[in-house]
Every structure is written in C-alpha cells, then in structure tokens.
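Colleague: Numbering (this note's numbering), first residue to last: 552 to 743.
What follows is the structure in structure tokens.
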C-alpha cells in the first residue's frame, strides 16, 4: 500500500517540476545572457510549455485567463508540435537551458499572416530578451514560410514590456478590433 502511495506521489511530483531548478538558479545568477539561440520544440518540451503557459503572469496577460489543465495542454501540444501551420520554438542560452518560447500560427495562408505569441521564463525576464526572442523568431518565420509572411501580435495595453518588445524589433502599431488591446505587425523580412 505504501508503495502505491509513493509511486503516485512520485508521478505527480514530476508534473510540478522539471529537474532544472539548479540550472535556473545558476542562469538567474549568471544573467545577462551572452549567447541565445532558438531550437525547434520537441516532445520532451511538453511539460515545460505547460509550466510556462500556467505561469500566473502569463495567464494574467493571456486572453484566456483560466489555468490550462495538463490533459488540455497535452492534446494541444501534440496537435501543434508538427503541424505545418504552426512553428514552436524554444529560446535557449549557451548551455541549452530553456529561457522562453515563441509560437507562430499561420492564420491566413493566402495572405501569409502569422499570429505571434511569446513568453519568457521568470529567470529570463527583465533583460530585454523579449525583443531578441522575436528577432530570432522572425528569422525562423522567414526561413520556414518566406520573408513576405506578415507576423502580427495582439497585446493588452497594460502589458508595456511586451509592447516595447514588438516596437524594438520594428513592428508597426495598427488599429485593434478589441478594446484595451494593441495590435502590432511587420513582415518577416523587414529589418529592425
């Protein structure tokens, strides 16, 4: 009976953490980051993406505020990981430690418009990495879907840092259809 309880506790504990706690502490202590790159997301990133998506700050700035259950996330992640109309990329430092993610979803294929979403791990916030994440993501976008692809993002007006990240990389602000939301866009080939 104790063995079942311990097995259950162990299984559930794996969902709470990813074993990278010490690496996060070292990353936070060593910041700012000297080398960053993007890599494609892999099936092994499923729990990491779930943790990032449920970060209270991320949920607060999301259009859908409710926490995402693990079963919902697993279905979404599996469906989107290799979808030809979705790019999932992970921002990593020089030690391959994950710092954040960027996602592009091809919304209007005939006009090549891609919705842009990104987030940074708590240890990577406050260093201006949002702009670098977008810049690297745009290079991936141009490589995968062509330089004519228009990336766009929608952001709550009070999410000042996210808005600044888009502006720093040469996005233009347009008119949003939603109250309290700012809208940004630029082609993948444009230079910031």
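The beta-carbon is built from N, C-alpha and C at its ideal position, and this holds for glycine as well.
Keep in mind the model is a prediction, meaning the values are calculated, not measured.
Out of 625, 652, 555, which one is the CA nearest neighbour of residue 592?
Modeller: The shortest Cα separation from residue 592 among 625, 652, 555 belongs to 652.
Colleague: Within 8 Å, do at least three Cβ pairs link the segment 689-701 to the segment 723-732?
Modeller: The segment 723-732 is not in contact with the segment 689-701.
Colleague: Helix, strand or coil: which one does DSSP assign to residue 758?
Modeller: There is no way to answer for residue 758, as the model of the chain reaches only from 552 to 743.
Colleague: What three-state label does DSSP hand residue 720 in the structure shown?
Modeller: Three-state result, residue 720: coil.
Colleague: Below 8 Å, how does it come out for the segment 675-689 and the segment 713-724: are there three or more Cβ pairs, yes or no?
Modeller: The segment 675-689 vs the segment 713-724: in contact.
Colleague: Excluding the five sequence neighbours on either side, which residues of its own chain have a C-beta within less than 6 Å of the C-beta of residue 708, listed in chain order?
Modeller: Here the set comprises 731, 733.
Colleague: Give every residue of the same chain whose Cβ lies closer than 6 Å to the Cβ of residue 687, excluding the five residues on either side of it in the sequence, and list them in chain order.
Modeller: Cβ neighbours of residue 687 beyond the five flanking positions: 589.
Colleague: Pull up the CB-CB distance for residue 639 and residue 654, whole angstroms please, since I reckon it's below 8 Å.
Modeller: 5 Å between Cβ atoms; contact.
Colleague: Going by the beta-carbon positions, is the gap between residue 624 and residue 663 smaller than 9 Å?
Modeller: Cβ distance not < 9 Å, so residue 624 and residue 663 don't count as in contact.
Colleague: Quick one: give me the first and last residue of the beta strand (DSSP E) that residue 735 is part of.
Modeller: Looking at the DSSP string, the run of the beta strand (DSSP E) that includes residue 735 is 732-738.
Colleague: Assign residue 553 to one of three DSSP states: helix, strand, or coil.
Modeller: Residue 553: helix per DSSP, three-state reduction.
Colleague: Just curious, the beta strand (DSSP E) that residue 705 is in, first and last residue?
Modeller: Taken as a continuous stretch (DSSP letters only), the beta strand (DSSP E) holding residue 705 covers 701-707.
Colleague: Applying the 10 Å Cβ sphere with the 16-neighbour rule, what's the burial state of residue 649?
Modeller: Classification for residue 649: buried.
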